[in-house]
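J.: So the protein sequences, as listed, match chains A and B. Position 70 of the first sequence, counting from 1, maps to 70 under our numbering, and the rest follow consecutively. Positions in the second sequence are counted from 1; adding 109 to them yields our numbering. Ideal Cβ positions, reconstructed from N, Cα and C, are used throughout, including at glycine. Owing to the predicted nature of the structure, the values given are computational and were not obtained by experimental measurement. What follows is a structure written as structure tokens; I'll ask about it next.
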Amino acid sequence: TQLLKQSPQFLSIQEGENLTVYCNSSSVFSSLQWYRQEPGEGPVLLVTVVTGGEVKKLKRLTFQFGDARKDSSLHITAAQPGDTGLYLCAPRQDDKVIFGPGTSLSVIP
Amino acid sequence: GAVVSQHPSWVICKSGTSVKIECRSLDFQATTMFWYRQFPKQSLMLMATSNEGSKATYEQGVEKDKFLINHASLTLSTLTVTSAHPEDSSFYICSARVQGHYGYTFGSGTRLTVV
């Protein structure tokens, strides 16, 4: 099993600020997904990255997959209170989704 | 889009009783479903993979006799927490993979409280 790390674990920022969340492993991923989970709800898929070096944008969110496919980042521009939630990276492993420890983001109005 | 319905959304039970949680794929067939458990302020931990028509595959450290999984049809998987104890109190979430897609669809979760 791979050791999956996410940083930071917790993040509290003011509305309008930018932030970056990181996901790292010692293993190579065939693909990786980012999810956001709000309290009391199941996680919702944000994006899937497959190719090393790939960059995907979803409105104010920019996702990047590392060239070696061992790491990924999520950058949020001009954060909004609606971005508050738990951000989880999840590489595919043997057709299962194994979640990282998550980054809990709180955006203060 | 693909929807996974989970029921109940919350349940309170007495210690020693059993609780069944249902996970249904509403508009697609799911040969494989997954069950996760999430404690407060923690990430989701995969408990088991539920396979239609066959035995579930449990992750290391998960008691298969305590967490009974049945996947009798292509649209329904159930998780039964047997002889529940307060330490089983948690948020249980199911998911299913939609054929032809990379992503997995998740249910809205079940909050189990054992008193």
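1. Relative to the C-alpha of B/H116, which residue among B/Q208, B/V224, B/F200, B/V223 is closest?
2. Excluding the 5 residues preceding and the 5 following B/K129 in the sequence, name in chain order all residues of the same chain whose CB lies nearer than 6 Å to its CB.
3. So which residues of chain B does A/P81 contact, with C-beta pairs closer than 8 Å?
4. For A/F99, decide whether its Cβ has a neighbour in chain B, counting only Cβ atoms nearer than 8 Å.
5. B/A228 lies in the beta strand (DSSP E); which residues open and close that run?
6. Do B/A193 and B/S127 come within 8 Å of each other at the CB atom, strictly closer than that value?
7. Report the three-state DSSP secondary structure of A/P43 (helix, strand or coil).
8. With a threshold of 6 Å on Cβ separation, who are the neighbours of A/S104 within its own chain once the five nearest residues in sequence on each side are excluded?
9. Report buried or exposed for A/F99, applying the criterion of at least 16 other Cβ atoms within 10 angstroms of its Cβ.
10. For the beta strand (DSSP E) containing A/G85, list its first residue and its last residue.
11. If you measure from the beta carbon of B/L188 to each beta carbon in chain A, is any gap under 8 Å?
12. Give the straight-line distance between the Cα atoms of A/F29 and A/T51, rounded to the nearest whole angstrom.
13. Going along chain A in order, which residues have a C-beta closer than 9 Å to the C-beta of B/G216?
14. Considering only the beta carbon of each residue, do A/S127 and A/L46 sit closer than 8 Å?
15. Classify B/P149 as buried or exposed, calling it buried when 16 or more other Cβ atoms lie within 10 Å of its own Cβ.
16. Just how far apart, CA to CA, sit B/G170 and A/D94?
17. For A/T77, count neighbouring C-beta atoms within 10 Å of its own C-beta (all shown protein chains included) and say buried if the count is 16 or more, exposed if not.
T.: The structure says:
1. On the second sequence, position 7 is the one that residue 116 of chain B refers to. Considering only alpha carbons, the answer is B/F200.
2. On the second sequence, position 20 is the one that residue 129 of chain B refers to. Taken in chain order, the residues that qualify are T187, T189.
3. By 1-based counting over the first sequence, the position of residue 81 of chain A is 81. What A/P81 touches in chain B: nothing, since even the nearest Cβ is about 20 Å away.
4. Position 99 of the first sequence, counting from 1, holds the residue named residue 99 of chain A. So yes, A/F99 belongs to the interface.
5. Summary: the structure shown does not reach residue 228 of chain B, with chain B confined to residues 110 through 224, and so no result is reported for it.
6. On the second sequence, position 18 is the one that residue 127 of chain B refers to. On the second sequence, position 84 is the one that residue 193 of chain B refers to. A contact, by the Cβ cut-off of 8 Å.
7. Indexing the first sequence from 1 puts residue 43 of chain A at position 43. If DSSP states are grouped into helix, strand and coil, A/P43 belongs with coil.
8. Counting from 1 along the first sequence, the entry for residue 104 of chain A is found at position 104. Closer than 6 Å at the Cβ level, and outside the excluded window around A/S104, lie F10, L86.
9. Residue numbering aside, residue 99 of chain A sits at position 99 when the first sequence is read from its first letter. Buried: at least 16 other Cβ atoms inside 10 Å.
10. One-based indexing of the first sequence puts residue 85 of chain A at position 85. It spans 85 to 93 - the beta strand (DSSP E) in which A/G85 sits, taken as one unbroken run.
11. Along the second sequence, read from residue 1 onward, the residue named residue 188 of chain B stands at position 79. Taking Cβ atoms only, chain A never reaches closer than 8 Å to B/L188, which makes this a no.
12. The sequence position of residue 29 of chain A within the first sequence is 29, counting from 1. The sequence position of residue 51 of chain A within the first sequence is 51, counting from 1. Spanning the two alpha carbons is a distance of roughly 10 Å.
13. For the purposes of this step, residue 216 of chain B is identified with residue 107 of the second sequence, where counting begins at 1. Near B/G216 (Cβ distances below 9 Å), the residues of chain A are G42.
14. One cannot answer for residue 127 of chain A here, as it falls past the ends of chain A, which runs 1 to 109.
15. As a working mapping, residue 149 of chain B is identified with position 40 in the second sequence. The residue in question, B/P149, is exposed, as its Cβ has fewer than 16 Cβ neighbours within 10 Å.
16. Position 61 of the second sequence, counting from 1, holds the residue named residue 170 of chain B. Position 94 of the first sequence, counting from 1, holds the residue named residue 94 of chain A. Each residue's alpha carbon lies about 19 Å from the other.
17. In the first sequence, residue 77 of chain A corresponds to position 77, counting from 1. The residue in question, A/T77, is exposed, as its Cβ has fewer than 16 Cβ neighbours within 10 Å.
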